[in-house]
């Protein structure tokens, strides 16, 4: 059963909360991409190819860079914040920016991330393994 706890909306199952946080994050990143496109469109010429090319360039920047840096500003994404999750290094310490970058650079290969996450008993994905990190409820160090 889900409840509203100190960290926000939470299920008792951390995997469910990680998945829901991921969905929230990607919804917000998509919304950001749409807003950027709407802001850019008035400044491009009427040439259809040029419009498509510029919009694609900005969308690609959002699509590829936003996931990599989504945990950088407050050491957790908005989705993780809503679901009371936080990322720690394997010693239980808060992450540094290098660990955040390494952890999230693997997100474009999402299917590999999901397969590894589901096949491991500790539920760490490839990015967690490479970055030496894990996700837990805020204040709960494994």
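Residue numbers (the UniProt record's numbering): 1 to 142.
Even for Gly, the Cβ is constructed at its ideal location relative to N, Cα and C.
Exposed or buried, residue 97, counting other C-beta atoms within 10 Å across all chains shown (16 or more means buried)?
The residue given as residue 97 occupies position 97 in the chain shown. Per the 10 Å Cβ criterion, exposed.
Pick from 36, 28 and 122: whose alpha carbon is nearest that of residue 61?
The residue you call residue 61 lines up with position 61 of the chain shown. When each option's Cα is compared against that of residue 61, the closest is 36.
So what's residue 42 in DSSP terms, helix, strand or just coil?
Locating residue 42 in the chain shown gives position 42, where the first residue counts as 1. Residue state, collapsed to three classes: helix.
In whole angstroms, what separates the C-alpha of residue 52 from that of residue 40?
Taking the first residue of the chain shown as 1, we reach residue 52 at position 52. Taking the first residue of the chain shown as 1, we reach residue 40 at position 40. The straight-line gap from Cα to Cα measures roughly 11 Å.
Please classify residue 79: is it buried, with 16 or more other beta-carbons within 10 angstroms of its beta-carbon, or exposed?
Mapped onto the chain shown, residue 79 falls at position 79. Classification for residue 79: buried.
Do residue 113 and residue 126 come within 8 Å of each other at the CB atom, strictly closer than that value?
On the chain shown, residue 126 is found 126 positions in, with the first residue counted as 1. On the chain shown, residue 113 is found 113 positions in, with the first residue counted as 1. Yes. Within cutoff.
Quick check: what's the CA-CA separation for residue 27 versus residue 92?
By 1-based counting over the chain shown, the position of residue 27 is 27. By 1-based counting over the chain shown, the position of residue 92 is 92. Whole-angstrom Cα-Cα distance: 29 Å.
Ordered along the chain, which non-local residues of its own chain (more than five positions away) have a Cβ less than 8 Å from that of residue 108?
On the chain shown, position 108 is the one that residue 108 refers to. Contacts found: 64 and 67.
Check residue 2 in the structure and name its three-state DSSP category.
What you label residue 2 is simply residue 2 of the chain shown in a count that begins at 1. Residue placement at residue 2 is poorly supported in this model, since its pLDDT is 43, which falls under 50; the coordinates still yield a value, given next. The answer is coil: DSSP assigns residue 2 none of H, G, I, E or B.
Please report how far the alpha carbon of residue 30 lies from the alpha carbon of residue 22, in whole angstroms.
As a first step, residue 30 is located in the chain shown; it is residue number 30 there, counting from the start. As a first step, residue 22 is located in the chain shown; it is residue number 22 there, counting from the start. For residue 30 and residue 22, the distance between alpha carbons rounds to 12 Å.
Is residue 90 closer than 8 Å to residue 137 when the C-beta atoms are compared?
One-based indexing of the chain shown puts residue 137 at position 137. One-based indexing of the chain shown puts residue 90 at position 90. Result no, Cβ atoms of residue 137 and residue 90 do not sit closer than 8 Å.
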